[in-house]
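Residue numbers (my numbering), protein chains in the order written: chain A, 1 to 160; chain B, 161 to 320; chain C, 321 to 480. Note that the Cβ used here is the ideal one computed from N, Cα and C, for glycine as well.
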Amino acid sequence: MAEEEKKKLAMIVFSGDMDKLFAAFAVATGAAASGMEVTMFFTFWGLRALKKKAVTGRGLLGRLLGLMFRGGIEKASPSKLSFGGLGRWMFKKMMRAKRVPSLAELRQTAIDLGVKLVGCQMSMEVMEIRREEMIDEVEACVGVAYFIEQAQQSDITLFI
Amino acid sequence: MAEEEKKKLAMIVFSGDMDKLFAAFAVATGAAASGMEVTMFFTFWGLRALKKKAVTGRGLLGRLLGLMFRGGIEKASPSKLSFGGLGRWMFKKMMRAKRVPSLAELRQTAIDLGVKLVGCQMSMEVMEIRREEMIDEVEACVGVAYFIEQAQQSDITLFI
Amino acid sequence: MAEEEKKKLAMIVFSGDMDKLFAAFAVATGAAASGMEVTMFFTFWGLRALKKKAVTGRGLLGRLLGLMFRGGIEKASPSKLSFGGLGRWMFKKMMRAKRVPSLAELRQTAIDLGVKLVGCQMSMEVMEIRREEMIDEVEACVGVAYFIEQAQQSDITLFI
Numbered sequence: 001m002a003e004e005e006k007k008k009l010a011m012i013v014f015s016g017d018m019d020k021l022f023a024a025f026a027v028a029t030g031a032a033a034s035g036m037e038v039t040m041f042f043t044f045w046g047l048r049a050l051k052k053k054a055v056t057g058r059g060l061l062g063r064l065l066g067l068m069f070r071g072g073i074e075k076a077s078p079s080k081l082s083f084g085g086l087g088r089w090m091f092k093k094m095m096r097a098k099r100v101p102s103l104a105e106l107r108q109t110a111i112d113l114g115v116k117l118v119g120c121q122m123s124m125e126v127m128e129i130r131r132e133e134m135i136d137e138v139e140a141c142v143g144v145a146y147f148i149e150q151a152q153q154s155d156i157t158l159f160i
Numbered sequence: 161m162a163e164e165e166k167k168k169l170a171m172i173v174f175s176g177d178m179d180k181l182f183a184a185f186a187v188a189t190g191a192a193a194s195g196m197e198v199t200m201f202f203t204f205w206g207l208r209a210l211k212k213k214a215v216t217g218r219g220l221l222g223r224l225l226g227l228m229f230r231g232g233i234e235k236a237s238p239s240k241l242s243f244g245g246l247g248r249w250m251f252k253k254m255m256r257a258k259r260v261p262s263l264a265e266l267r268q269t270a271i272d273l274g275v276k277l278v279g280c281q282m283s284m285e286v287m288e289i290r291r292e293e294m295i296d297e298v299e300a301c302v303g304v305a306y307f308i309e310q311a312q313q314s315d316i317t318l319f320i
Numbered sequence: 321m322a323e324e325e326k327k328k329l330a331m332i333v334f335s336g337d338m339d340k341l342f343a344a345f346a347v348a349t350g351a352a353a354s355g356m357e358v359t360m361f362f363t364f365w366g367l368r369a370l371k372k373k374a375v376t377g378r379g380l381l382g383r384l385l386g387l388m389f390r391g392g393i394e395k396a397s398p399s400k401l402s403f404g405g406l407g408r409w410m411f412k413k414m415m416r417a418k419r420v421p422s423l424a425e426l427r428q429t430a431i432d433l434g435v436k437l438v439g440c441q442m443s444m445e446v447m448e449i450r451r452e453e454m455i456d457e458v459e460a461c462v463g464v465a466y467f468i469e470q471a472q473q474s475d476i477t478l479f480i
């Protein structure tokens with residue numbers, strides 16, 4: 001199938017909660033596996049899914065956000081049932097028992113399937129996250145206009 | 161109008177919060193009433209909207225989720241203002257006063273209008289929810305590929 | 321470009337959290353700036369973004385909602401990091417430092433760019449918000465059928 005005929009999916013990943021990130025990557029990899037061209041635009045809390053390791057900004061909020069986000073994608077907690085980390089631990093345990101991939105594995109699958117990962121430039125500035133703190137596979141740090149352009153041509157658009 | 165010409169809506173229902181479930185069913189029934197073909201794909205916390213009664217898994221998280229979800233759709237709390245159940249009680253009271261349908265009534269209307277309700281197989285496994293614990297009207301328990309296929313052909317796609 | 325050829329975006333703004341409202345208005349103004357026709361359908365907690373000032377209903381929940389929503393759009397707190405107002409204060413400080421517009425400024429930009437702001441009639445009734453408590457630029461208070469109609473013709477649909 002020619003590039004221009006491919007069906008497209010564009011999603012905004014706003015949430016940094018483990019369960020929502022899981023849903024985002026499950027939809028993205030599912031779509032890519034079925035031959036779609038997929039763009040994930042990470043903004044606000046979603047940016048943690050692109051971090052290499054601890055993000056530490058210079059200002060007070062930057063440092064606070066760094067603390068909250070330390071450890072990157074594997075430390076994300078579910079939006080419910082967090083219980084100071086207990087929810088995350090149990091979820092991971094159950095997911096392993098059911099042979100469900102981890103967030104980091106799902107993200108790698110997305111990368112392997114050619115899902116385009118882009119970061120929101122403005123959120124990165126406000127939250128004091130630098131390009132070098134993000135995984136190398138991030139394709140670009142762009143403005144909202146980039147998402148709009150991709151989404152206009154897409155068959156599926158989602159805000160997660 | 162021929163089946164293949166119908167406009168379509170496909171939504172992922174991820175949230176189990178009363179207010180978001182209400183929004184999901186209000187959009188779904190509104191769309192179906194206007195002649196659209198509607199598919200609701202329930203995943204994670206959203207699965208509670210399909211439960212018959214208390215869901216109890218075998219493992220620790222399964223039992224805990226069963227406790228959180230006991231009572232099914234009518235026991236869902238709003239995402240804000242929950243106050244240990246008080247928010248739900250007040251919301252219901254006000255909604256009744258304004259003659260707004262309850263969640264269970266809205267769900268029944270959706271079923272009557274032919275809205276297709278499907279459950280996410282993987283979430284059901286992780287959360288230890290069995291098919292027989294869900295209402296009979298659930299059409300199928302499927303993978304994310306099913307949602308992708310429906311959404312590709314849809315005019316409206318939403319993640320709630 | 322003729323009116324009927326314009327690309328369209330329709331979004332449901334369900335959330336009243338500062339960060340999500342910010343994302344909603346950033347996407348809406350970005351889309352409008354690129355020449356799209358944009359409709360924002362505000363429902364539930366999202367209605368606070370249309371308030372002039374304190375909303376006070378007559379019933380208990382109405383008064384409670386009025387308290388939560390006092391101050392309108394500028395008093396919205398982020399969904400994470402709220403710390404009794406501290407999160408909002410820090411966010412605003414950082415956003416000003418980075419010359420990011422405030423929510424009220426973004427909303428004004430949306431209005432200036434012709435973004436159509438509509439309120440959900442049913443939510444307004446349940447939450448006891450009257451038309452005169454909302455900013456004059458709100459175009460109409462409508463039912464969900466209006467959103468469905470707009471969304472059917474839209475190239476991008478989002479639930480925020």
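Cβ separation of residue i and residue j, assumed to be a contact under 8 Å, to the nearest whole Å
{"i": "Thr-157 (chain A)", "j": "Ile-480 (chain C)", "result": "12 Å between Cβ atoms; not a contact."}
{"i": "Thr-203 (chain B)", "j": "Cys-280 (chain B)", "result": "4 Å"}
{"i": "Ala-170 (chain B)", "j": "Phe-307 (chain B)", "result": "7 Å"}
{"i": "Ile-172 (chain B)", "j": "Phe-201 (chain B)", "result": "5 Å"}
{"i": "Ala-145 (chain A)", "j": "Gly-434 (chain C)", "result": "17 Å between Cβ atoms; not a contact."}
{"i": "Thr-199 (chain B)", "j": "Gln-312 (chain B)", "result": "Actually they do not touch by this definition, with Cβ atoms about 12 Å apart."}
{"i": "Lys-395 (chain C)", "j": "Glu-453 (chain C)", "result": "In fact, because the Cβ distance is near 15 Å, the residues do not count as touching under 8 Å."}
{"i": "Arg-427 (chain C)", "j": "Phe-345 (chain C)", "result": "6 Å"}
Cβ shell of residue i (< 6 Å), same chain only, five flanking positions each side left out
{"i": "Glu-357 (chain C)", "result": "Lys-326 and Lys-328"}
{"i": "Phe-174 (chain B)", "result": "Thr-203, Phe-204 and Gly-206"}
{"i": "Asp-112 (chain A)", "result": "none"}
{"i": "Ala-188 (chain B)", "result": "Val-198, Met-200, Ala-270 and Val-275"}
Any C-beta of chain A under 7 Å from that of residue i
{"i": "Gly-355 (chain C)", "result": "no"}
{"i": "Phe-251 (chain B)", "result": "no"}
Among the options, the one whose alpha carbon lies nearest that of residue i
{"i": "Phe-251 (chain B)", "options": "B:Met-178, B:Lys-276 and B:Phe-174", "result": "B:Met-178"}
{"i": "Thr-429 (chain C)", "options": "C:Glu-457, C:Ala-471, C:Met-442 and C:Arg-416", "result": "C:Glu-457"}
{"i": "Lys-20 (chain A)", "options": "A:Lys-98, A:Trp-89 and A:Leu-103", "result": "A:Leu-103"}
{"i": "Met-415 (chain C)", "options": "A:Ala-31, A:Lys-75 and A:Met-122", "result": "A:Met-122"}
{"i": "Pro-78 (chain A)", "options": "A:Ala-23, A:Ile-135 and A:Met-134", "result": "A:Ala-23"}
{"i": "Ala-209 (chain B)", "options": "B:Asp-272, B:Val-278 and B:Trp-249", "result": "B:Val-278"}
{"i": "Val-446 (chain C)", "options": "B:Ala-188, B:Lys-253 and B:Met-287", "result": "B:Lys-253"}
{"i": "Thr-417 (chain C)", "options": "A:Gly-16, A:Glu-128, A:Val-100 and A:Glu-139", "result": "Checking the sequence, you will find Ala at residue 417 (chain C) rather than Thr. The candidate whose alpha carbon is nearest that of Ala-417 (chain C) is A:Glu-128."}
{"i": "Gly-143 (chain A)", "options": "A:Ser-154, A:Met-124 and A:Ile-135", "result": "A:Met-124"}
Any chain B beta carbon closer than 7 Å to residue i
{"i": "Val-446 (chain C)", "result": "yes"}
{"i": "Phe-361 (chain C)", "result": "no"}
Neighbour list for residue i in chain D, Cβ cutoff strictly below 8 Å
{"i": "Val-438 (chain C)", "result": "Note that chain D does not occur in the displayed structure, where the protein chains are A, B and C."}
Proximity test, Cβ basis, 7 Å: residue i and chain C
{"i": "Met-161 (chain B)", "result": "Residue confidence for Met-161 (chain B) is low, a pLDDT of 48 falling below 50, so the modelled location carries little weight; the figure read from the coordinates is stated next. It does not; no Cβ of chain C falls within 7 Å."}
{"i": "Val-38 (chain A)", "result": "no"}
{"i": "Ala-145 (chain A)", "result": "yes"}
{"i": "Val-302 (chain B)", "result": "no"}
Own chain residues within Cβ distance below 8 Å of residue i, not counting five before or after
{"i": "Gly-176 (chain B)", "result": "Phe-204, Trp-205, Gly-206, Leu-207, Arg-208, Ala-209, Phe-229 and Ala-236"}
{"i": "Glu-459 (chain C)", "result": "Lys-436, Leu-437 and Val-438"}
Close-in-space but distant-in-sequence residues of the same chain around residue i (CB under 7 Å, 5 per side omitted)
{"i": "Ile-103 (chain B)", "result": "Only positions 161 to 320 of chain B appear in the structure, and residue 103 (chain B) is not among them; the question remains open."}
{"i": "Val-100 (chain A)", "result": "none"}
{"i": "Ser-474 (chain C)", "result": "Lys-328, Leu-329 and Ala-330"}
Positions along the segment 149–160 of chain A whose CB lies within less than 8 Å of some CB in chain B:
Asp-155, Ile-156, Thr-157, Leu-158, Phe-159 and Ile-160
May I ask you to list, following chain order, the residues of the segment 94–115 of chain A that have a beta carbon less than 7 Å from some beta carbon of chain B?
Met-94, Met-95, Lys-98 and Val-100
Using a Cβ-Cβ cut-off of less than 9 Å, list which residues of the segment 5–36 of chain A approach chain B; keep chain order.
Lys-7, Leu-9, Met-11, Asp-19, Lys-20, Phe-22, Ala-23, Ala-24, Ala-26, Val-27, Thr-29, Gly-30, Ala-31, Ala-33, Ser-34 and Met-36
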